[in-house]
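Engineer:
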Amino acid sequence: MSSITTILASQQATSAWQEDFYKHLHAHPELSFQEAETARLVAEKLQAFGYEVHGGIGKTGVVGILRNGAGATLLARADMDALPVTEATGLPYASTVQATDAGGNTVGVSHACGHDVHVTCLLGAAELLAGHRDAWSGTYIVLFQPAEEVAGGAKAMVDDGLARLIPKPDVALAQHVLAFPAGRLGTRIGAVLSAGDSIHITLHGKGAHGSMPQSSVDPVVLAALIVVRLQTIVSRETQPGEFGVLTIGSNRAGSKSNIIADRADLLLNLRTYDRNVRSRIIAAIERMVNAECVASGSPQPPEFAYYDQYPLTENDAEVTAVVTAAFQQHFGVDWVFDLGRLTASEDFSHLPDALGTPYTFWGLGGTDPELYAQAAKAGRIAEDIPVNHSKYYAPVLEPTLDHGTQAMVVAAMAWLGHEALKPVSR
Ligand code: ZN
Ligand code: ZN
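Right, here's the structure in full:
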């Protein structure tokens, strides 16, 4: 019997609590940096499994370490936070939770991104590995991070001294449940999730009565010209075939028809797969905005505030090849697909980047396969399949939870198992 088979022989006992645990998490979501109860439940489980547990890292982050003799050190990560989205799935365990967000607003909260799946699966893998220490050796680190949705949790854990707390991992792994057929696993070498940047641009005009434009520098007109001008960065300045998305998600100025405002605020979002493309686009944004402000006679230069910055997720070739082969061998080739590049962003890579560790991040399908097949047949996947962050998004329980748990075990065992492929050395 292979060591993976030995470990998964007891998966039924793990599945038995996972379903209830998942439904509980789903019904009790917590916003970014407010994951206190989720963190408490995670720490409680890890303690019961026999892990060395560290809590309160980066506010609510939890790390469990299981030292099991000589061998590779592996880090597996799950994110814990939910979104300010009022759930509309109609599921019996749907969230009805409301909470106060960082801005003081009361918002509906739900696990619309499926992070409750990640927590449940990683805890399952943690139990399975702890229960079969004879089947592997090395050090297994499970990391539960806060606040992925505000791009702050991974960084907060790094800033809070994560590197001093854990042995340096040889490999880091993470998974995300996505709108693909349930239980399927999508892997890819190289850039897999885009870098994301949000930019708040403040434009300064000169206020006046609406009937006296000669006394004003109209920030509404200035902002409008900038909005149009910025459309040329991707279409005219970026090499065809290179990827960049630049969206102006908010354009606000003024309050009344007969008052010319004295400022305008633009909120931009940028997605890229390449560091050079990213810096060229950012330079172009600043150049054009500055020039338009000069052209309009703006009384003071514009201000640029960068926030919600997500790093590029760029999967290591060797680690990804090993994990893909392990998945194909365990699940069968039909269950493993090419994830492609997603325009979404993640803060996971902050962790391995800070630790100097190669990593891979894969997708776990969570959508009812029949629903998916129907939509695919009708050419209506984009219209009919709810995706992450939608108020209708919730994965089907199985095989999502089982495969997500197995995927974490199978990938870890590629480095920790007795039949392990050689550990990555850099
Ligand atoms: Zn999300
Ligand atoms: Zn997410």
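With positions in the sequence shown counted from 1, the corresponding number in our numbering is that position plus 2. Note that the Cβ used here is the ideal one computed from N, Cα and C, for glycine as well.
Under DSSP, the alpha helix (DSSP H) around P354 begins and ends at which residues?
Structural biologist: Numbered from 1 along the sequence shown, position 352 holds the residue referred to as residue 354. Its alpha helix (DSSP H) spans residues H352 to L357.
Engineer: Three or more beta-carbon pairs under 8 Å between the region 169–189 and the region 361–374, yes or no?
Structural biologist: Verdict: yes, contact present.
Engineer: Let me make sure I understand the geometry here. Which of G52, A114, K208 and H178 has the alpha-carbon closest to that of G299?
Structural biologist: For the purposes of this step, residue 299 is identified with residue 297 of the sequence shown, where counting begins at 1. Out of G52, A114, K208 and H178, K208 has the C-alpha closest to the C-alpha of G299.
Engineer: Just the C-alpha distance for T7 and L130, rounded to the nearest angstrom, thanks.
Structural biologist: Here residue 7 corresponds to residue number 5 of the sequence shown, with the count starting at 1. Here residue 130 corresponds to residue number 128 of the sequence shown, with the count starting at 1. Near 11 Å, if we compare the C-alpha coordinates of L130 and T7.
Engineer: From G71 to D199, what does the alpha carbon distance come to, in whole angstroms?
Structural biologist: As a position in the sequence shown, residue 71 is number 69, starting the count at 1. As a position in the sequence shown, residue 199 is number 197, starting the count at 1. Whole-angstrom Cα-Cα distance: 42 Å.
Engineer: Compute every distance between the C-beta of C115 and the non-hydrogen atoms of ligand 2, then say whether any falls below 6 Å.
Structural biologist: For the purposes of this step, residue 115 is identified with residue 113 of the sequence shown, where counting begins at 1. Yes, Cβ of C115 sits closer than 6 Å to a heavy atom of ligand 2.
Engineer: Is the CB-CB distance between S218 and I262 below 7 Å?
Structural biologist: Taking the first residue of the sequence shown as 1, we reach residue 218 at position 216. Taking the first residue of the sequence shown as 1, we reach residue 262 at position 260. Yes, Cβ-Cβ distance for S218 and I262 is below 7 Å.
Engineer: When the Cα atoms are used, what is the spatial distance from H28 to S281?
Structural biologist: The sequence position of residue 28 within the sequence shown is 26, counting from 1. The sequence position of residue 281 within the sequence shown is 279, counting from 1. If I take the Cα positions, the gap works out to 39 Å.
Engineer: Tell me whether the beta-carbon of V228 lies closer than 7 Å to the beta-carbon of L248.
Structural biologist: Within the sequence shown, residue 228 is the residue found at index 226, counting from 1. Within the sequence shown, residue 248 is the residue found at index 246, counting from 1. According to the sequence as given, residue 228 is Ile; it is not Val. Not in contact: I228 and L248 (Cβ atoms no closer than 7 Å).
Engineer: Here's the rule: buried if 16 or more other CB atoms are within 10 angstroms of the residue's CB, otherwise exposed. What is H211?
Structural biologist: In the sequence shown, residue 211 corresponds to position 209, counting from 1. That one is exposed.
Engineer: Going by DSSP, name the residue or residues bridged to A197.
Structural biologist: Residue numbering aside, residue 197 sits at position 195 when the sequence shown is read from its first letter. In DSSP, A197 forms a bridge with T274.
Engineer: Return the bridge partner residues of T204 from the DSSP annotation.
Structural biologist: Within the sequence shown, residue 204 is the residue found at index 202, counting from 1. Answer is D267 and E305.
Engineer: For F146, list the residues DSSP reports as bridge partners.
Structural biologist: For the purposes of this step, residue 146 is taken as the residue at position 144 of the sequence shown. Its beta-bridge partners are V64 and A80.
Engineer: Contact defined as beta carbons within less than 8 Å: I believe W138 pairs with S12. What is the distance between those atoms, to the nearest angstrom?
Structural biologist: Counting from one through the sequence shown, the residue named residue 138 turns up at place 136. Counting from one through the sequence shown, the residue named residue 12 turns up at place 10. Actually they are not in contact, since the Cβ atoms of W138 and S12 sit about 14 Å apart, beyond 8 Å.
Engineer: Would you call T16 buried or exposed, if buried means 16 or more other Cβ atoms sit within 10 Å of its Cβ?
Structural biologist: Counted from its first residue, the sequence shown places residue 16 at position 14. The residue is buried, with at least 16 neighbouring Cβ atoms inside 10 Å.
Engineer: Any contact of the region 147–154 with the region 338–351, i.e. 3+ C-beta pairs under 8 Å?
Structural biologist: The region 147–154, when compared against the region 338–351, does touch it at the 8 Å Cβ threshold.
Engineer: Helix, strand or coil for P425 per DSSP?
Structural biologist: On the sequence shown, position 423 is the one that residue 425 refers to. Bear in mind that a pLDDT of 47 at P425, under 50, signals an unreliable position, so the number given afterwards is only what the model happens to contain. Coil at P425, not helix or strand.
Engineer: Quick one: is S427 buried, meaning 16 or more other Cβ sit within 10 Å of its Cβ, or exposed?
Structural biologist: As a first step, residue 427 is located in the sequence shown; it is residue number 425 there, counting from the start. Residue confidence is low: S427 scores 47 on pLDDT, short of 50, so the model does not pin down where it sits. Its coordinate-derived value is still stated next. Per the 10 Å Cβ criterion, exposed.
Engineer: Roughly how many angstroms separate the alpha carbons of Q49 and R277, rounded to a whole number?
Structural biologist: By 1-based counting over the sequence shown, the position of residue 49 is 47. By 1-based counting over the sequence shown, the position of residue 277 is 275. Straight-line Cα distance between these residues: approximately 41 Å.
Engineer: Could you check which residue in V411, T240 and P360 has the C-alpha nearest to that of H332?
Structural biologist: Translated into positions along the sequence shown, residue 332 becomes position 330. Of the listed residues, the one whose Cα sits closest to H332 is V411.
Engineer: Are the region 154–169 and the region 85–101 touching, with three or more C-beta to C-beta distances below 8 Å?
Structural biologist: Taking 8 Å as the limit for Cβ pairs, the verdict is that the region 85–101 does not touch the region 154–169.
Engineer: For Q177, which residues does DSSP report across the bridge?
Structural biologist: The residue you call residue 177 lines up with position 175 of the sequence shown. DSSP, once it has assigned bridges, lists W364 as partnering Q177.
Engineer: For E244, is the beta carbon positioned less than 6 Å from some heavy atom of ligand 1?
Structural biologist: Residue 244 sits at position 242 when you count from the first residue of the sequence shown. Checking every heavy atom of ligand 1 against the Cβ of E244, none is found closer than 6 Å.
Engineer: Given a cut-off of 7 Å, decide if S196 and R273 are closer than it, judged by their beta-carbon atoms.
Structural biologist: Here residue 273 refers to the residue found at position 271 when the sequence shown is read from its first residue. Here residue 196 refers to the residue found at position 194 when the sequence shown is read from its first residue. Yes; because the gap between Cβ atoms is below 7 Å, this pair is in contact.
Engineer: For T204, which residues in the same chain have their Cβ closer than 7 Å to its Cβ, ignoring the five residues on either side in sequence?
Structural biologist: As a first step, residue 204 is located in the sequence shown; it is residue number 202 there, counting from the start. Only R265, D267, P304 and E305 meet the Cβ criterion.
Engineer: Go through the region 102–143 residue by residue and report every complete run of the alpha helix (DSSP H) that reaches 4 residues or more, in order.
Structural biologist: For the region 102–143, whole alpha helix (DSSP H) runs of length 4 or above, ordered along the chain, are 117–133.
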